[in-house]
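Enquirer:
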Amino acid sequence: MTAEQSEGWWNDHVSVMGRRGVRRRQVDAWQSRAHTPGTRAQIRRWARWETVSIWLLLGGLVAVCVCAPGLGMGFGIWGEFDDRAPSWMWGTFGSVGVGCALLLCGAALGSHAQDRRLTALYADGHACIGRLDEVITHPGGGDDPTTYEFLLSAELSGTDDTEPRTLRRRLYWGEDDSWGAGPERWIGRRIRFRHNTLDPDDLFDVRFDGWAGDKTRRS
Numbered sequence: 101m102t103a104e105q106s107e108g109w110w111n112d113h114v115s116v117m118g119r120r121g122v123r124r125r126q127v128d129a130w131q132s133r134a135h136t137p138g139t140r141a142q143i144r145r146w147a148r149w150e151t152v153s154i155w156l157l158l159g160g161l162v163a164v165c166v167c168a169p170g171l172g173m174g175f176g177i178w179g180e181f182d183d184r185a186p187s188w189m190w191g192t193f194g195s196v197g198v199g200c201a202l203l204l205c206g207a208a209l210g211s212h213a214q215d216r217r218l219t220a221l222y223a224d225g226h227a228c229i230g231r232l233d234e235v236i237t238h239p240g241g242g243d244d245p246t247t248y249e250f251l252l253s254a255e256l257s258g259t260d261d262t263e264p265r266t267l268r269r270r271l272y273w274g275e276d277d278s279w280g281a282g283p284e285r286w287i288g289r290r291i292r293f294r295h296n297t298l299d300p301d302d303l304f305d306v307r308f309d310g311w312a313g314d315k316t317r318r319s
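First residue of the sequence shown: 101, per the numbering used here; consecutive thereafter.
Spelled out as structure tokens, the structure:
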């Protein structure tokens, strides 16, 4: 998952915890961008899977936090006073394993569901080819990776009632080893992206759709 998706699915969906009304309005807002019943159904479906992933993460976190201290204490007692492990310790060990599995499943499901929901969110939008004008680098520190902001522009042709105008968008991108010397060398490259509005300054209404000239596109 790239930082382009850095709405941050955890922060973006933490409202599900005891705030079902807020979550429902959020999903309704997403659906309002869709133009077809099929796309709205996809948005609802993947939003539900994102909610499921949150509960999996919470369940795994509770299992690990509650059982891990008991497991450590059990090993200490076992090694100090007894040659045989108490029976309850094996159950605690299994609970920690289940908790770790829930955390892994929740993270994987959340990443996949958010990617599919974002794809559906822009499925009925506009597609265009723009230009990468500037790259802003945010250096990482410690365990935090380096991330980037791409400043994009695209020329929109005018109609009988409107003048040609420049569409501007801001795209977040995570650390990528394929950059080689760095993404700055990609400035000026043509880029495909999707957007739902024609507002030239709605900076965050953007979905990366590939590099112009590449045969691969996001699905």
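C-beta atoms are modelled at their ideal positions from N, C-alpha and C, and glycine is treated no differently.
DSSP has Trp-273 in a bridge; who is on the other side?
Expert: Trp-273 pairs with Tyr-248.
Enquirer: Let me know the secondary structure DSSP gives Thr-297 once reduced to three states.
Expert: coil
Enquirer: Thinking C-beta only, is Gly-230 closer than 8 Å to Ser-253?
Expert: Yes.
Enquirer: Check Ile-236 in the structure and name its three-state DSSP category.
Expert: Collapsing the DSSP output to three states places Ile-236 in a strand.
Enquirer: Between Leu-203 and Leu-271, how many whole angstroms is the CB-CB distance? I'm expecting something under 8 Å.
Expert: Leu-271 and Leu-203 do not touch by the CB rule: their CB atoms are close to 29 Å apart, not below 8 Å.
Enquirer: Go through its chain and collect everything with a Cβ distance to Gln-142's Cβ below 7 Å, but skip five positions before and after it.
Expert: Ala-220
Enquirer: According to DSSP, which residues form a beta bridge with Cys-228?
Expert: Phe-293
Enquirer: Would Ala-213 pass as a contact of Glu-150 if the rule is Cβ separation under 8 Å?
Expert: yes
Enquirer: Can you give me the Cβ contacts of Arg-292 inside the same chain, cut-off strictly under 6 Å, excluding the 5 residues immediately before and after it?
Expert: Ile-229, Asp-309, Gly-310, Ala-312
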